[in-house]
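Counting with mature numbering (1 follows the signal peptide of the UniProt record, and there is no 0), you get residues -19 to -1, 1 to 617 for the letters of the sequence shown.
Below is one structure, written out as structure tokens; comments come after it.
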Amino acid sequence: MFIMLLQIMTLLLLVGVLASEQSVEENHGRRRQARQAGGGLNCPIGLPQKSTDECRDIREKDLEVQRGIYQLAVREPLPMPLVNMSTLTLIQLLSQDEFAKEQFNGYVGMLKKNKGFTAQWKKQHPGEITEFQDYANIFNDFRSTLGDDGSTGFYRYVTNVEPFQNILEDWREDDMFTEQRLSGCNPMVLRRVTEDSSEVGLRWSELVKTLSPSYDWEKAIQTAMETDESLAQAIKNGDVYVLRYEMFDDMATFPDYSEKRPGRTMWPSKSPIALFALNKEKRLRAAAIQTDYKPDSPVFAPGDGGSWMLARQVVQATDYTHSQMIEHLLKVHLLAEPFCVVMYRHLSSQHPLNELLKYHCRGLLATNTLGSPSLVNKGGYMDILTAIGHKGTILLLERGYKTLGWKDTDFHQDIKKRGLDDEIKFPYFPYRDDNRLLLMAISRMVEDYIWVFYKRDRDVQEDEELQAYVNELSIEGTGPNGGSGQVKDFPAVLETKSELIEVITRLLWLLSVKHSTVNYPVSDYGAFTPVLPTKLYNDTSVPPGVFSELNLPNRNISLAQIEVAMNVGTYHYDTLFDYYGQLKNPAAKQVVRFYFYYLKYAVSPRLKFRNYRRLKAGHLTYPYLQHPWIPNGVQT
């Protein structure tokens, strides 16, 4: 396959088999010349308007070279502007960059190791899966071989160190299915069902248009709540919640190239609807699942045996694709890429925001350029893993991109919009509660950091590098480079320090915390097929209404799934704010140092205590946001 050949070429490049490209060397030479133009001149980190004429000249020459290297363009088949650079050119650039090459080599080395072990495992275990235990064996073999023990090393699992449930045994439990909406791979979909007068959540009057008119939804909600309260009253009280995947409505299904055995038929892509309710103890319970968004679709409840388990797996398969393609790839990787590319183009190496952001952008371009094609291109992982295939994946990303914007980085607004911000009505939500602590710490760090360099709003207004940066990113930007980032809802001009603090806070949260929430849980839930299958099958040997291992993907698909999980969920190159010692400005160094230890000794112990309480109460734990498990940026 083309992708495999590309990977081989990539690895050959890293060991020097292919010659380096002359253009990259020339760019590096011009870059060095620009930085050495001032001879022995020592230009400190600072704002351009406060630099000396000599230092401003160096900054401008450096940026001129950078703009020749880093440019934005739409890179098909993806619909959004990304770095306009060939894979081979980027490899050469990163492998020669002292700042980036260690992280880059670690990432590529991991991909090579994971692929090699997958091939080796296939040879050693040629038989097909015949029981659920076979999936557990795959999980254990891969996890034990491809990760380090403990909390040190680059390749490691938080759940090997922190308290965590035994998902290999408990995956059949409805509570595990339900609580993944709160602390699993995708806690970004659940919404409160609301009355017509509400501006948040999903209104019942809209939801009911898609629900089966013949099913007793009120009874299902009452059963989950363990009460005889009416459906209308339950909605009014804020006790009804829903999963609704509108982007999957009428999603095409593409041929299955991964299953060759006779008697097996892949299920088509679905857009399921799952309803939940809070019981008297305010614990979320599953009520019913409609297997597609059309009103004539089958509906099942927890008492429906094998049919209920199959309905749960329909939700899980859709949720897997949504979490990894929309919440992970689109809303983190692809949304963030223009911010990092344009940083190189407009924020010089002497700019305090470059000095900060470069640690959070490190790894992103490599991951996007090498990793994304292996997912979405023809013959890639999405063709193997899912019913929508690579064509459906591109269609899904196009649908998502239509509404994608800077608003998607606003954590607080997202929680409020989904109707989940009220801790009285909805008291248990680890994703919300733990993120609030991290976001507060990031916001305070950014505020203190900005104060070191920007003493007044006028400093923001007169920072020509900063203004050029936001102007190119915003879809409202003007001039020759204005608007090329095509970021909707993003300001083309910044007027105040508070606006700048908000922008940098949300960007750092996106690259570090948000990415951790959609990335690292995959090495747990997404690595064990019975918990999170990527697609489902009918098998002629399985009677209707019976749930069997034969309804799940075969060995080769499961191996591809766990390889993806290991590729994205094990690499931890650094830890949030650990770069403080490398900062050049003493005051900035002290700010970041303080918040590194604040996370370590103030925030993380609170999160640890929360997780011990969660485990004791029978909840899923959520250890992914504890120190030292959040990296600075997107590393896989």
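Positions of the beta carbon are idealized from the N, C-alpha and C atoms, including for glycine.
Beta-carbon contacts of Q442 that lie in its chain and below 7 Å, excluding the five residues immediately before and after: Taking the sequence shown and counting its residues from 1, the one referred to as residue 442 is at position 461. Excluding residues within five positions, the ones whose Cβ falls inside 7 Å are E476.
Specify whether the stretch 102 to 121 and the stretch 76 to 89 touch according to this definition: at least 3 beta carbon pairs, one from each stretch, less than 8 Å apart. no
Leaving aside the five residues before and after V280 along the sequence, list all residues of the same chain whose C-beta is less than 6 Å from its C-beta, in chain order. Counted from its first residue, the sequence shown places residue 280 at position 299. So the qualifying residues of the chain are S193, Y196, A269, Q271.
Pairing CB atoms from the stretch 498 to 505 with CB atoms from the stretch 597 to 616, are three or more of them under 8 Å? yes
Along the chain, where does the alpha helix (DSSP H) that runs through T246 open and close? Locating residue 246 in the sequence shown gives position 265, where the first residue counts as 1. Taken as a continuous stretch (DSSP letters only), T246 belongs to no alpha helix (DSSP H), being part of the beta strand (DSSP E) at 245 to 247.
Starting from the C-beta of D391, find all residues in its chain whose C-beta is less than 7 Å away, skip the five residues before and the five after it, and write them out in chain order. The residue labelled residue 391 in the question sits at position 410 within the sequence shown. The answer, listed in chain order, is R487.
Using only alpha-carbon positions, find the residue among L420, F434, L517 that is nearest to I369. Residue mapping note: residue 369 aligns to position 388 of the sequence shown, counting from 1. Among L420, F434, L517, the Cα nearest to that of I369 is on L517.
Less than 8 Å between the C-beta atoms of Y362 and S355, yes or no? By 1-based counting over the sequence shown, the position of residue 362 is 381. By 1-based counting over the sequence shown, the position of residue 355 is 374. Taking 8 Å as the Cβ cut-off, Y362 and S355 qualify as a contacting pair.
Any idea which residues DSSP pairs Q271 with across the strands? One-based indexing of the sequence shown puts residue 271 at position 290. According to DSSP, Q271 bridges with I254, V280.
Give me, in chain order, the residues of the same chain whose beta-carbon lies closer than 8 Å to that of T111; leave out the 5 immediate sequence neighbours on both sides. Taking the first residue of the sequence shown as 1, we reach residue 111 at position 130. The answer, listed in chain order, is E530.
Would you please state the rounded distance, in angstroms, between the beta carbons of V512 and W248? I believe it to be under 8 Å. Stepping through the sequence shown from its first residue, residue 512 is reached at position 531. Stepping through the sequence shown from its first residue, residue 248 is reached at position 267. Not a contact, Cβ separation roughly 18 Å.
Let me know the alpha helix (DSSP H) ranges lying completely inside the stretch 470 to 549, each 4 residues or longer, listed in chain order. 478 to 490, 496 to 500
Here's the rule: buried if 16 or more other CB atoms are within 10 angstroms of the residue's CB, otherwise exposed. What is Y560? Sequence index remark: in the sequence shown, residue 560 carries index 579 (1-based). So Y560 ends up on the buried side.
Starting from R417, trace the alpha helix (DSSP H) in both directions and tell me its first and last residue. In the sequence shown, residue 417 corresponds to position 436, counting from 1. Start and end: 411 to 434.
Return the chain-ordered list of same chain residues with a C-beta closer than 6 Å to the C-beta of H327, the five sequence neighbours on each side being excluded. For this step, residue 327 is matched to residue 346 along the sequence shown. Closer than 6 Å at the Cβ level, and outside the excluded window around H327, lie E446, A449, Y450.
How big is the Cα-Cα spacing for H341 and Q467? Locating residue 341 in the sequence shown gives position 360, where the first residue counts as 1. Locating residue 467 in the sequence shown gives position 486, where the first residue counts as 1. Approximately 21 Å, taken between the alpha carbons.
Between the beta-carbon of L75 and the beta-carbon of V64, is there less than 8 Å? Working through the sequence shown from its first residue, we reach residue 75 at position 94. Working through the sequence shown from its first residue, we reach residue 64 at position 83. No; because the gap between Cβ atoms is not below 8 Å, this pair is not in contact.
So, does the stretch 215 to 232 touch the stretch 255 to 270, judging by three or more C-beta pairs under 8 Å? yes
CB of V427 within 8 Å of CB of N566, strictly: On the sequence shown, position 446 is the one that residue 427 refers to. On the sequence shown, position 585 is the one that residue 566 refers to. No. Outside cutoff.
Rounding to the nearest angstrom, what Cα-Cα distance links P411 and L366 in this structure? Translated into the one-based positions of the sequence shown, residue 411 becomes position 430. Translated into the one-based positions of the sequence shown, residue 366 becomes position 385. Whole-angstrom Cα-Cα distance: 29 Å.
When DSSP labels each residue in this structure, what does D129 get in the three-state scheme? Here residue 129 corresponds to residue number 148 of the sequence shown, with the count starting at 1. Looking at D129 - three-state DSSP - the assignment turns out to be strand.
Can you tell which of F123, T498, E154, A282 has the C-alpha that lies nearest to the C-alpha of L420? By 1-based counting over the sequence shown, the position of residue 420 is 439. That would be T498, whose Cα lies nearest to the Cα of L420.
Got a sec, what are the start and stop residues for the beta strand (DSSP E) A54 sits in? What you label residue 54 is simply residue 73 of the sequence shown in a count that begins at 1. Counting along the chain, the beta strand (DSSP E) containing A54 begins and ends at 53 to 55.
Does the beta-carbon distance from L588 to D415 come in below 8 Å? Numbered from its first residue, the sequence shown carries residue 588 at position 607. Numbered from its first residue, the sequence shown carries residue 415 at position 434. Cβ atoms of L588 and D415: closer than 8 Å.
From the DSSP output, which residues share a beta bridge with Y382? Numbered from its first residue, the sequence shown carries residue 382 at position 401. Answer by DSSP bridge pairing: none, since Y382 is not bridged.
Kindly indicate which three-state DSSP category T175 falls into: helix, strand or coil? Taking the sequence shown and counting its residues from 1, one reaches residue 175 at position 194. Looking at T175 - three-state DSSP - the assignment turns out to be strand.
List the endpoints of the continuous alpha helix (DSSP H) containing P29. Residue numbering aside, residue 29 sits at position 48 when the sequence shown is read from its first letter. Element bounds for P29: n/a, residue is neither H nor E.
What number of angstroms, rounded off, separates the C-alpha of P124 from the C-alpha of Y138? Numbered from its first residue, the sequence shown carries residue 124 at position 143. Numbered from its first residue, the sequence shown carries residue 138 at position 157. According to the sequence provided, residue 124 is Arg. The question's Pro does not apply to it. Each residue's Cα considered, the two are about 8 Å apart.
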